[in-house]
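**Student:** This structure is in structure tokens; I'll ask about it shortly.
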Amino acid sequence: MDFGLVLQTDPPASRVISLMKRAERNGFTHGWTFDSAVLWQEPFVVYSQILAHTTTLRVGPMVTNPGTRTWEVTASTFATLNDMFGNRTVCGIGRGDSAMRVAGRRPNTLARLGEAIDAIRDLAEGREAEVDGQRMRLPWVRDGRLPVWMAAYGPKALALTGRKADGFILQLADPFLTEWMVKAVRNAAAEAGRDPDSVTICVAAPAYVGDDLAHAREQCRWFGGMVGNHVADLVARYGEHSGMVPEALTEYIKGREGYDYSHHGRAGNPSTVFVPDEIVDRFCLLGPPEAHIEKLRALRDLGVDQFAVYDMHDAQETTIDAYGAEIIPALGD
Numbered sequence: 082m083d084f085g086l087v088l089q090t091d092p093p094a095s096r097v098i099s100l101m102k103r104a105e106r107n108g109f110t111h112g113w114t115f116d117s118a119v120l121w122q123e124p125f126v127v128y129s130q131i132l133a134h135t136t137t138l139r140v141g142p143m144v145t146n147p148g149t150r151t152w153e154v155t156a157s158t159f160a161t162l163n164d165m166f167g168n169r170t171v172c173g174i175g176r177g178d179s180a181m182r183v184a185g186r187r188p189n190t191l192a193r194l195g196e197a198i199d200a201i202r203d204l205a206e207g208r209e210a211e212v213d214g215q216r217m218r219l220p221w222v223r224d225g226r227l228p229v230w231m232a233a234y235g236p237k238a239l240a241l242t243g244r245k246a247d248g249f250i251l252q253l254a255d256p257f258l259t260e261w262m263v264k265a266v267r268n269a270a271a272e273a274g275r276d277p278d279s280v281t282i283c284v285a286a287p288a289y290v291g292d293d294l295a296h297a298r299e300q301c302r303w304f305g306g307m308v309g310n311h312v313a314d315l316v317a318r319y320g321e322h323s324g325m326v327p328e329a330l331t332e333y334i335k336g337r338e339g340y341d342y343s344h345h346g347r348a349g350n351p352s353t354v355f356v357p358d359e360i361v362d363r364f365c366l367l368g369p370p371e372a373h374i375e376k377l378r379a380l381r382d383l384g385v386d387q388f389a390v391y392d393m394h395d396a397q398e399t400t401i402d403a404y405g406a407e408i409i410p411a412l413g414d
């Protein structure tokens with residue numbers, strides 16, 4: 082199992098770079114960041130410095146979207162970084178939550194997202210693609226490689242992931258829901274004539290190492306609110322008891338009353354008081370190293386290839402070091 086570190090690009094960028102360097106030293110293979118231009122600093126600028134100060138770490142957004150930048154700009158940015166640092170980027174992409182809504186725009190449709198996945202990958206790898214009816218190619222790209230991993234929860238998005246994406250990003254670490262969603266992605270890949278095992282599975286969730294569970298829960302409760310935004314969209318689209326989405330995912334948002342993006346992804350987010358302890362425990366990895374190892378082994382047995390640690394809490398360095406010293410080595414067997 083591979084491990085990634087997920088951060089927000091809060092200033093100063095030097096701290097983000099320092100934490101990514103620390104992650105690489107501790108055995109992490111991927112460095113991810115949020116991508117929301119209004120809320121945080123521009124990630125692609127920061128990626129250039131992360132890549133310059135590491136040797137093997139792969140970087141990318143968790144996640145970008147088809148609407149913030151034109152597709153040829155996104156592809157060219159990835160291709161430039163790859164040309165400079167040797168194909169060390171991954172494009173995590175989704176419909177767009179905070180990036181679009183904070184700017185007063187609606188998230189992209191799945192149809193547009195599917196078109197963007199193909200176009201961005203093709204352009205970044207030097208092939209011709211169609212963007213808004215215009216055929217184009219980046220003539221300077223040589224030997225480019227850009228895996229595109231899609232974030233998804235609902236049945237239509239999971240099916241699109243299986244048909245088109247190189248990887249699947251699931252932003253929660255509940256084994257029951259992971260099994261359900263991985264199966265949906267792999268079935269869709271098989272139906273599209275693809276090798277289901279060719280789709281990389283990445284589970285991303287907060288991890289907090291320590292014995293004080295009450296404190297860990299408060300530091301990670303924000304995550305249930307973030308996931309709740311996507312769940313609310315699913316309920317609006319499919320209905321609360323449609324059978325299209327597991328009730329284990331939808332039940333907890335009944336007490337949700339709006340969401341303030343100014344606290345998005347941050348410990349102490351006041352918009353997440355509706356999130357019960359049970360959801361925090363199910364969606365996140367909390368407790369001593371042994372508890373993390375046990376849950377990660379269960380996820381690995383379900384086909385998860387990478388666990389990406391959301392490290393937005395008050396123990397960033399401690400968590401990175403604990404994973405490097407005890408947890409990552411235990412999952413290398």
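Be aware that the sequence shown starts at 82, since it is given in my numbering, and climbs by one per residue. Ideal Cβ placement from N, Cα and C applies to all residues, glycine included.
Please indicate yes or no: does the CB of R337 lie closer than 7 angstroms to some heavy atom of the ligand ATP?
**Tutor:** Absence of the ligand ATP from the depicted structure is noted, as is the absence of any ligand whatsoever, leaving it without description.
**Student:** Going by C-alpha distance, which of M307, N168, R187 and I334 is nearest A205?
**Tutor:** Checking every option, the nearest Cα to that of A205 belongs to N168.
**Student:** Less than 8 angstroms separating the beta-carbons of T145 and T155?
**Tutor:** yes
**Student:** Cα-Cα, which of L100, R150 and E328 is closest to T135?
**Tutor:** L100
**Student:** What's the gap between the Cα of T399 and the Cα of M143?
**Tutor:** 22 angstroms
**Student:** If G207 and W230 are in contact, beta carbons under 8 angstroms, what's the gap, nearest whole angstrom?
**Tutor:** Contact flag wrong, Cβ pair sits at about 20 angstroms.
**Student:** Mind reading off the beta-carbon distance from F109 to L86? Whole number of angstroms is fine, and I expect it under 8 angstroms.
**Tutor:** Contact flag correct, Cβ pair sits at about 5 angstroms.
**Student:** Hey, which unbroken runs of the alpha helix (DSSP H) at 4 residues or more fall wholly within the segment 335 to 385?
**Tutor:** Taking 4 residues as the minimum length, the alpha helix (DSSP H) runs contained wholly in the segment 335 to 385 are 358 to 364 and 370 to 382, in order along the chain.
**Student:** Starting from W152, trace the alpha helix (DSSP H) both ways and give me its first and last residue.
**Tutor:** Residues W152 to F166.
**Student:** Taking 7 angstroms as the limit between beta carbons, can you name the residues of its chain near V308, skipping five residues before and five after?
**Tutor:** Q252, L253 and F364
**Student:** Can you round the beta-carbon distance between M217 and E299 to whole angstroms, since I take them to be within the 8 angstroms contact cut?
**Tutor:** So it is not a contact: roughly 49 angstroms between Cβ atoms.
**Student:** What did DSSP end up calling Y234 once you bin it into helix, strand or coil?
**Tutor:** coil
**Student:** Per DSSP, R139 is paired with what?
**Tutor:** H111
**Student:** Using CA coordinates, which residue listed in V126, Y404 and L294 is at the minimum distance from P92?
**Tutor:** Nearest of V126, Y404 and L294 to P92, Cα basis: V126.
**Student:** Just tell me which of L120, V312 and D292 has its CA closest to the CA of V183.
**Tutor:** Ranked by how close their Cα comes to the Cα of V183, the residues L120, V312 and D292 have L120 in first place.
**Student:** Among D199, M181 and R176, which one has its Cα closest to the Cα of T190?
**Tutor:** The candidate whose alpha carbon is nearest that of T190 is R176.
**Student:** Mind listing, in chain order, the continuous alpha helix (DSSP H) runs of no fewer than 4 residues lying wholly within the segment 181 to 223?
**Tutor:** 191 to 205
**Student:** Just the Cα atoms here: how many angstroms apart are D392 and G274?
**Tutor:** So the alpha carbons of these two residues sit roughly 37 angstroms apart.
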